[in-house]
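Have a look at the structure below before the remarks.
Residue numbers (our numbering), protein chains in the order written: chain E, 1 to 338; chain C, 339 to 676.
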């Protein structure tokens with residue numbers, strides 16, 4: 001396994017690989033010469049520099065883009081916190097395989113390979129209101145699965161998830177690591193009714209109270225109050241950092257998956273961007289806590305990497321301008337103040 | 339000419355063509371059957387219905403997408419309201435022709451035809467602080483040019499502009515038709531310095547005061563305080579409405595171009611969406627006044643249809659999900675509460 005213990009992960013997070021400032025500086029010089037007022041492409045300019053920094057290439061590329069969707073099941077689904085039955089997780093994995101889901105269409109449009117990784121769907125995590133969701137070995141196993149899915153030569157990785165009840169898991173991680181009530185972090189997920197939302201809030205608060213002895217240890221929290229697909233996302237983010245691959249995060253659950261790592265070292269987010277802010281109510285608050293500014297705000301709340309997948313299109317726009325535009329001298333265009 | 343008088347335009351605006359509610363309703367029924375929680379694709383769902391309504395097709399398409407960039411020059415450029423010399427308008431038109439501008443890269447990425455229409459660049463409008471920018475015939479001529487550029491069989495039209503000093507023109511139209519000071523509406527455009535910004539504010543206020551007798555007539559304002567490329571955008575929007583073509587507006591200038599029409603009948607915006615909100619300070623306020631919610635917010639402020647061009651990618655995402663996803667019954671996925 002890539003990490004044999006929680007301490008191994010913590011050690012990696014203490015001494016994170018860094019990007020290439022020289023590649024980013026060279027890309028910034030090119031930006032300044034392109035036929036546009038300085039800064040006028042806004043966030044697209046910063047995205048081009050970010051790709052250069054993490055790909056460690058003055059001329060970044062998006063030839064090999066991967067979207068990875070991890071799927072897991074959750075013991076707390078039995079508590080009636082979702083509008084859908086747990087069987088839907090596996091049914092949607094089959095839908096991904098058949099090409100019928102939103103992310104299939106988006107991956108095709110974005111020119112990305114779609115990789116779907118179901119993790120022990122027939123063995124949900126334990127109900128974390130009464131026990132740890134995973135023991136340390138189960139957690140490390142899920143981290144490892146995520147780590148190994150990342151092709152080291154990827155130019156970009158977008159991560160997302162599928163898992164009935166997992167917005168409750170995400171909200172519980174937020175409450176455990178950031179404080180705040182169940183009411184603050186619980187949203188309607190796939191569309192739970194008022195009674196379900198009340199059960200969701202209660203589940204979060206019961207769980208945080210039950211595990212109060214470990215709240216100071218973010219990785220222990222990620223095991224005890226997390227889920228397999230969230231751990232796998234964290235593993236994929238760690239692998240991307242090792243291989244200098246920029247990452248687009250999807251919605252609330254995918255962002256909650258990085259929270260335990262960010263609690264150890266906020267620098268883990270340097271190679272990540274938030275693809276979008278979802279309509280799930282906790283996501284905007286979580287992004288604010290993490291200092292992440294989303295690229296898109298389209299009221300989406302589907303998961304399955306759909307928001308991150310659409311954000312790939314923005315990176316393609318950033319890259320095509322950065323690499324394809326003429327410079328002022330090439331085009332014979334006058335600069336400012338001339 | 340399509341419109342022989344300002345009254346002809348006003349008459350068209352009084353009795354605007356409408357979309358096809360049955361096509362939109364049929365598209366909405368399809369949305370409800372797709373394998374996702376209802377509403378979970380957020381604004382992408384509304385965009386698919388909007389395409390269906392205006393294309394009058396239950397199954398909308400984006401096979402023939404056109405980006406049109408109108409260019410014009412402005413008498414008020416001589417007042418030092420821009421960071422760039424007026425020659426840059428023609429130089430950038432040449433850059434568009436040569437494929438070196440941002441919009442060339444974006445059009446390629448978005449699968450759109452790019453149509454660039456320079457309008458009498460060697461004959462700037464008159465300085466509207468001392469005279470009408472255009473007389474009625476000049477204005478109608480520019481409207482007509484814009485109208486005739488629109489291919490009647492387009493599936494989508496994105497409109498933008500190029501014209502040194504034209505954020506001053508746009509801000510002046512806003513101040514004239516919506517009220518508010520020069521300070522409220524003037525931004526830094528391509529990056530004007532403090533002294534230039536002060537000249538810009540003064541230009542706006544002088545112009546509105548000079549033309550105070552006509553402020554109650556939106557089309558007279560569009561002629562006297564507008565620009566040729568703004569009039570052409572209005573003409574293109576009118577043609578798109580005639581031919582039932584949905585329109586994506588670009589930034590502050592393109593949005594200001596629809597303002598005189600919207601002042602006559604707010605329904606003119608029904609076949610339009612704001613592609614983005616730009617960093618130009620007046621744009622957010624103008625969108626709010628018009629009740630338009632932008633699709634993107636990326637701190638861009640380039641013009642040349644760049645924001646609208648990127649928004650085409652979102653429409654492609656909306657369409658690909660709408661047309662490509664499996665239904666619950668096709669995929670064997672359980673619905674909510676089952």
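From the three backbone atoms N, C-alpha and C, an ideal C-beta is built for every residue, glycine too.
The structure presented is a predicted model; accordingly, all values stated were derived computationally and were not measured.
Per DSSP, residue 69 of chain E is paired with what? Residue 69 of chain E sits at position 69 when you count from the first residue of the first chain. DSSP, once it has assigned bridges, lists E:116, E:160 as partnering residue 69 of chain E.
Could you have a look at residue 276 of chain E and say whether DSSP puts it in helix, strand or coil? By one-based count along the first chain, residue 276 of chain E stands at place 276. Strand, per DSSP.
Output the distance between the C-alpha atoms of residue 690 of chain C and residue 673 of chain C, rounded to the nearest integer angstrom. No answer is possible for residue 690 of chain C: the residues shown for chain C start at 339 and end at 676.
According to DSSP, simplified to helix, strand and coil, what is residue 665 of chain C? Sequence index remark: in the second chain, residue 665 of chain C carries index 327 (1-based). Looking at residue 665 of chain C - three-state DSSP - the assignment turns out to be strand.
Among residues of its own chain, excluding the 5 on either side of residue 223 of chain E, which ones have a beta-carbon nearer than 8 Å to its beta-carbon? The residue labelled residue 223 of chain E in the question sits at position 223 within the first chain. 6, 132, 133, 134, 135, 136, 138, 139, 231, listed in sequence order.
Tell me the DSSP bridge mates of residue 296 of chain E? Translated into the one-based positions of the first chain, residue 296 of chain E becomes position 296. Paired residues: E:276.
Give me the Cβ distance between residue 520 of chain C and residue 502 of chain C, rounded to the nearest whole Å; I'm assuming they're in contact under 8 Å. Within the second chain, numbered from 1, the residue matching residue 520 of chain C stands at position 182. Within the second chain, numbered from 1, the residue matching residue 502 of chain C stands at position 164. Not a contact, Cβ separation roughly 19 Å.
Counting only beta-carbon atoms, is residue 151 of chain E nearer than 8 Å to chain C? On the first chain, position 151 is the one that residue 151 of chain E refers to. Judged by the 8 Å Cβ criterion, residue 151 of chain E is not in contact with chain C.
Could you pull the start and end residues of the alpha helix (DSSP H) that residue 332 of chain C belongs to? Summary: the structure shown does not reach residue 332 of chain C, with chain C confined to residues 339 through 676, and so no result is reported for it.
Nearest candidate by alpha-carbon position, reference residue 330 of chain E, set C:558, C:433, C:618: Working through the first chain from its first residue, we reach residue 330 of chain E at position 330. Nearest C-alpha to residue 330 of chain E: C:433.
Alpha carbon to alpha carbon, how far is residue 248 of chain E from residue 85 of chain E? Give it in angstroms, no decimals. Here residue 85 of chain E refers to the residue found at position 85 of the first chain. Here residue 248 of chain E refers to the residue found at position 248 of the first chain. Near 29 Å, if we compare the C-alpha coordinates of residue 248 of chain E and residue 85 of chain E.
Which of helix, strand or coil DSSP assigns to residue 372 of chain C: The sequence position of residue 372 of chain C within the second chain is 34, counting from 1. Reduced to three states, the DSSP call for residue 372 of chain C is strand.
Quick one: which unbroken beta strand (DSSP E) runs of 3-plus residues sit fully inside the stretch 558-615 of chain C? Chain order, please. 585-587, 610-612
Can you find a CB in chain C that lies within less than 8 Å of the CB of residue 63 of chain E? Locating residue 63 of chain E in the first chain gives position 63, counting from the first residue. No, residue 63 of chain E lies away from the interface with chain C (no Cβ there is under 8 Å from its Cβ).
Neighbour flag for residue 626 of chain C against chain E, beta carbons, 8 Å: Counting from one through the second chain, the residue named residue 626 of chain C turns up at place 288. So no, residue 626 of chain C is outside the interface.
Assuming residue 584 of chain C and residue 392 of chain C form a contact by the criterion Cβ under 8 Å, report the distance between their Cβ atoms to the nearest whole angstrom. Sequence index remark: in the second chain, residue 584 of chain C carries index 246 (1-based). Sequence index remark: in the second chain, residue 392 of chain C carries index 54 (1-based). Correct: roughly 4 Å between the Cβ atoms.
Rounded straight-line distance, which links the Cα of residue 62 of chain E to that of residue 256 of chain E: Here residue 256 of chain E is taken as the residue at index 256 of the first chain, counted from 1. Here residue 62 of chain E is taken as the residue at index 62 of the first chain, counted from 1. Approximately 26 Å, taken between the alpha carbons.
Could one say the Cβ of residue 423 of chain C lies closer than 8 Å to chain E's Cβ atoms, at least one of them? Position 85 of the second chain, counted from the first residue, corresponds to residue 423 of chain C. Cβ-Cβ to chain E under 8 Å: yes for residue 423 of chain C.
Could you pull the start and end residues of the alpha helix (DSSP H) that residue 285 of chain E belongs to? Position 285 of the first chain, counting from 1, holds the residue named residue 285 of chain E. Residue 285 of chain E -> alpha helix (DSSP H) spans 281-290.
Would you mind working out which of C:622, C:428, C:341, C:416 sits nearest residue 308 of chain C, comparing C-alpha positions? Residue 308 of chain C lies beyond the range of chain C shown here (339 to 676); nothing can be said about it.
What does a CB cutoff of less than 6 Å around residue 601 of chain C pick up in its chain, not counting 5 residues either side in sequence? As a first step, residue 601 of chain C is located in the second chain; it is residue number 263 there, counting from the start. For residue 601 of chain C, where only same-chain residues beyond five positions count, the Cβ hits under 6 Å are 515, 556.
Figure out for me which residue from C:458, C:383, C:346, C:362 has the closest Cα to the Cα of residue 663 of chain C. One-based indexing of the second chain puts residue 663 of chain C at position 325. The residue with the shortest Cα to Cα distance from residue 663 of chain C is C:383.
Rounded separation between residue 619 of chain C and residue 524 of chain C - CA only: For the purposes of this step, residue 619 of chain C is identified with residue 281 of the second chain, where counting begins at 1. For the purposes of this step, residue 524 of chain C is identified with residue 186 of the second chain, where counting begins at 1. One C-alpha to the other measures close to 7 Å.
Give, in chain order, every residue of the stretch 365-386 of chain C whose Cβ lies closer than 7 Å to some Cβ of chain E. 373, 374, 375, 376, 378, 379, 380, 381, 382
Within 10 angstroms of its Cβ, does residue 616 of chain C collect 16 or more other Cβ (buried), or is it exposed? Working through the second chain from its first residue, we reach residue 616 of chain C at position 278. It is buried - the Cβ of residue 616 of chain C has at least 16 other Cβ atoms within 10 Å.
Please list the partners that residue 302 of chain C has in chain E, where partner means a Cβ-to-Cβ separation under 9 Å. Residue 302 of chain C is absent from the model: chain C starts at 339 and stops at 676.
Compare the C-alpha of residue 651 of chain C against each of C:431, C:359, C:448, C:396 and name the closest. Mapped onto the second chain, residue 651 of chain C falls at position 313. Of the candidates C:431, C:359, C:448, C:396, the one whose C-alpha sits nearest the C-alpha of residue 651 of chain C is C:448.
Could you name the residues of the same chain whose beta carbon sits closer than 8 Å to that of residue 211 of chain E, not counting the 5 residues immediately before and after it, in chain order? Residue mapping note: residue 211 of chain E aligns to position 211 of the first chain, counting from 1. So the qualifying residues of the chain are 128, 132, 176, 221, 224, 225.
Rounded straight-line distance, which links the Cα of residue 411 of chain C to that of residue 460 of chain C: Along the second chain, read from residue 1 onward, the residue named residue 460 of chain C stands at position 122. Along the second chain, read from residue 1 onward, the residue named residue 411 of chain C stands at position 73. Approximately 8 Å, taken between the alpha carbons.
Report yes or no: do three or more beta-carbon pairs, one from the stretch 97-109 of chain E and one from the stretch 290-308 of chain E, lie closer than 8 Å? yes
For residue 661 of chain C, which option in C:406, C:518, C:357, C:364 has the closest C-alpha, if you only look at C-alpha atoms? Taking the first residue of the second chain as position 1, residue 661 of chain C is located at position 323. Of C:406, C:518, C:357, C:364, the residue nearest in Cα terms is C:364.
Member of C:347, C:530, C:436 whose CA lies at the smallest distance from the CA of residue 328 of chain E: As a first step, residue 328 of chain E is located in the first chain; it is residue number 328 there, counting from the start. The option with the nearest alpha carbon to residue 328 of chain E is C:436.
Scan the stretch 122-194 of chain E and note each continuous alpha helix (DSSP H) run of 4 residues or more that stays entirely inside, going in chain order. 136-148, 166-178, 182-185
Counting only beta-carbon separations shorter than 8 Å, does residue 668 of chain C have a partner in chain E? Taking the first residue of the second chain as 1, we reach residue 668 of chain C at position 330. So, interface residue.
What residues from the stretch 424-435 of chain C come within 9 Å of chain E, judged by C-beta to C-beta, listed N to C? 425, 426, 429, 430, 432, 433
Short of 6 Å in beta carbon distance, which residues of its chain neighbour residue 581 of chain C, apart from the five on each side in sequence? Order them along the chain. Position 243 of the second chain, counting from 1, holds the residue named residue 581 of chain C. For residue 581 of chain C, where only same-chain residues beyond five positions count, the Cβ hits under 6 Å are 490.
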